[in-house]
Amino acid sequence: MSAHANNADASPTVLVRPATATEVASLPQIEQEADEIFRRIGMGLVTDLPASAPSDYADSLAAGGVIIAFTDRTVGFVRVDRVDGVPHVEQLSVLPEYRGYRIGAALLDAAAQWAKSDGADRMTLCTFRDVPWNGPYYARLGWTLLPEPDYGPGLLRLRQNEIEAGLHAWPRQVMTRSL
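Heads up: the sequence shown begins at 874 in my numbering, then just goes up one per residue.
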């Protein structure tokens, strides 16, 4: 799968595919660089949280749920875990200089294809409700709000972890996408 830009700059050719074990080592750095954008809108806490360690990807990687976007190097990734038996987007990150090329959308589509081929009929994610590249972005891509009464115990735990990390300072929500 490839993604191409719809903006005036020359669009890079970006290929999307499952990550290999050796590629996982670069993902925490990509996550940190991508998260710097939060600092610009007064959400430095998000940027200051530690990125996942490469070892945190082991289960997702073994299941095929780590998908990368690359040109001559890895420029973005999506990590999908299982929460309450449902594929859950744990992280979506794209390097700042590659924003605007629909790479995030391509990664999410690849994750949805993977999840569907694994027998899932939906996916979930937790996101900031009002941050333009979070809740509104996912809504444009077809994700919808998952009401709290529909959370399973795993999603409730994730939401509690977010509160303990201080992320409740900004409205958060759980969203779902039908496959």
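Here a beta-carbon is modelled for each residue, glycine too, at the ideal position from N, C-alpha and C.
Check                                                                                                       : Outcome
Taking the beta strand (DSSP E) that A942 belongs to, which residues open and close that run?               : V939 to F943
Taking 7 Å as the cut-off, is the CB of L1028 close to at least one heavy atom of the ligand NAP?           : As for the ligand NAP, it is missing from this structure, which has no ligand bound.
To which residues does DSSP link M996 through a beta bridge?                                                : R1050
Just to confirm, is the Cβ distance from F950 to L980 under 8 Å?                                            : yes
Out of curiosity, what's the CA-to-CA distance linking L934 and A985?                                       : 15 Å
With distances taken from CA atoms, which of V948, V953, G917 and M916 is nearest D932?                     : V953
Using CA atoms only, rank isn't needed, just tell me which of I903, R975 and D929 is closest to S884.       : R975
Could you say which of I1036, S925, R972 and L1029 lies nearest to E904 if we only look at CA atoms?        : S925
For D945 and P1022, what's the separation of their Cα atoms in angstroms?                                   : 44 Å
The beta strand (DSSP E) spanning G949 covers which residue range?                                          : T947 to V956
Examine chain C for any beta-carbon lying closer than 8 Å to the beta-carbon of Y974, and answer yes or no. : Looking for chain C here will not work: only one protein chain is present.
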